[in-house]
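Colleague:
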Amino acid sequence: MQLARYQEAAMFILLRGFILSIAIVMLSFPVSAEEVSKGQIKSLDEQVQEIKAETLNLGVQMRLLEEKLLYPSSTQVAVYVSLDNVEKFRLDSIEIQLDGKMVAQHLYTLRELEALQKGGMQRIYVGNISSGEHGLQVLMTGRAKGSSGVRRTEKFKFRKDEGPKILEVRLVDSDDHMITLRD
């Protein structure tokens with residue numbers, strides 16, 4: 000029994016010594032931090048800013064390289080969406096099918112619609128296709144002023160030649176065709 004008490008006392012002393020040594024180490028850090036000069040801090044800040052700039056530049060280069068590798072210009076197709084003077088219609092969503100396969104769909108926020116109405120274009124799809132004839136199907140849903148929901152589907156044929164292909168899906172304020180394709 001006396002041996003157990005002796006062991007407990009020894010453990011307590013060791014634990015107390017360990018805690019004291021940790022406290023001493025922790026208290027010594029602020030003293031070391033105060034000894035760092037303003038010049039060293041400024042130099043460190045400049046280094047951090049340089050690393051940040053290099054990282055951003057590398058990110059841009061990586062994205063461009065990734066795009067070149069994933070979508071070589073010889074097989075690349077890009078589909079953009081734009082609005083052409085559409086005042087009587089509010090676009091809710093759009094779906095794009097390429098050769099019968101769903102490749103893109105998007106639900107529009109008010110902010111995105113405002114950007115499109117101001118003449119902006121949205122890149123909705125980038126992918127690879129072979130040269131030759133292809134089919135593009137566009138399904139658009141939205142609301143016309145003074146009426147219920149509108150759902151329109153248009154099918155288009157286009158030819159992909161060597162080199163990148165850019166297609167613009169334009170939503171037009173027209174009774175005949177609300178969706179047109181610019182090649």
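Using numbering that gives the first Met the number 0, the first residue of the sequence shown is number 0, and each one after it goes up by one.
A virtual CB, placed ideally from N, CA and C, is assigned to each residue, including glycine.
Note that this is a predicted model, so its numbers are computed, not measured.
For residue 50, count neighbouring Cβ atoms within 10 angstroms of its own Cβ and tell me buried if that reaches 16, exposed if not.
Modeller: Locating residue 50 in the sequence shown gives position 51, counting from the first residue. Exposed, by the Cβ-count rule.
Colleague: If we count Cβ pairs, one from each stretch, closer than 8 angstroms, do we get three or more for the region 152-164 versus the region 118-125?
Modeller: No: fewer than three Cβ pairs fall under 8 angstroms.
Colleague: Taking 8 angstroms as the cut-off, decide whether the C-beta atoms of residue 137 and residue 95 are in contact.
Modeller: Here residue 137 is taken as the residue at index 138 of the sequence shown, counted from 1. Here residue 95 is taken as the residue at index 96 of the sequence shown, counted from 1. For residue 137 and residue 95, yes; Cβs fall inside 8 angstroms.
Colleague: Could you check if residue 30 is buried or exposed, using at least 16 other CB atoms within 10 Å of its CB as the buried criterion?
Modeller: If you number the sequence shown from 1, residue 30 lands on position 31. The predicted model places residue 30 with a pLDDT of 49, which falls under 50 and marks its position as unreliable; any figure quoted below should be read in that light. When all chains shown are included, residue 30 counts as exposed.
Colleague: Report the residue ranges of all beta strand (DSSP E) runs contained in full by the region 102-145; include only those spanning at least 3 residues, in chain order.
Modeller: With a minimum length of 3 residues, the continuous beta strand (DSSP E) runs that stay inside the region 102-145 are 121-127 and 131-143.
Colleague: Measure the C-alpha to C-alpha separation of residue 66 and residue 18 and round it to an integer number of angstroms.
Modeller: In the sequence shown, residue 66 corresponds to position 67, counting from 1. In the sequence shown, residue 18 corresponds to position 19, counting from 1. Near 55 angstroms, if we compare the C-alpha coordinates of residue 18 and residue 66.
Colleague: Indicate whether residue 187 and residue 92 have their beta-carbon atoms separated by less than 8 angstroms.
Modeller: Since the displayed the chain opens at 0 and closes at 182, residue 187 lies outside it and no answer follows.
Colleague: Who are the Cβ neighbours of residue 196 in its own chain at under 7 angstroms, not counting the five residues just before and after it?
Modeller: Examination of residue 196 is not possible in this model, given that the chain is present from 0 through 182 alone.
Colleague: Between which two residues does the beta strand (DSSP E) containing residue 159 stretch?
Modeller: Residue mapping note: residue 159 aligns to position 160 of the sequence shown, counting from 1. From DSSP, the beta strand (DSSP E) with residue 159 extends over 148-159.
Colleague: With distances taken from CA atoms, which of 68, 148 and 143 is nearest residue 172?
Modeller: What you label residue 172 is simply residue 173 of the sequence shown in a count that begins at 1. The shortest Cα separation from residue 172 among 68, 148 and 143 belongs to 143.
Colleague: Given a threshold of 16 other Cβ atoms within 10 Å of its Cβ, counted over all protein chains shown, does residue 40 qualify as buried or as exposed?
Modeller: Counting from 1 along the sequence shown, the entry for residue 40 is found at position 41. Per the 10 Å Cβ criterion, exposed.
Colleague: What are the start and end residues of the beta strand (DSSP E) that includes residue 87?
Modeller: Within the sequence shown, numbered from 1, the residue matching residue 87 stands at position 88. Taken as a continuous stretch (DSSP letters only), residue 87 belongs to no beta strand (DSSP E), as it is neither H nor E.
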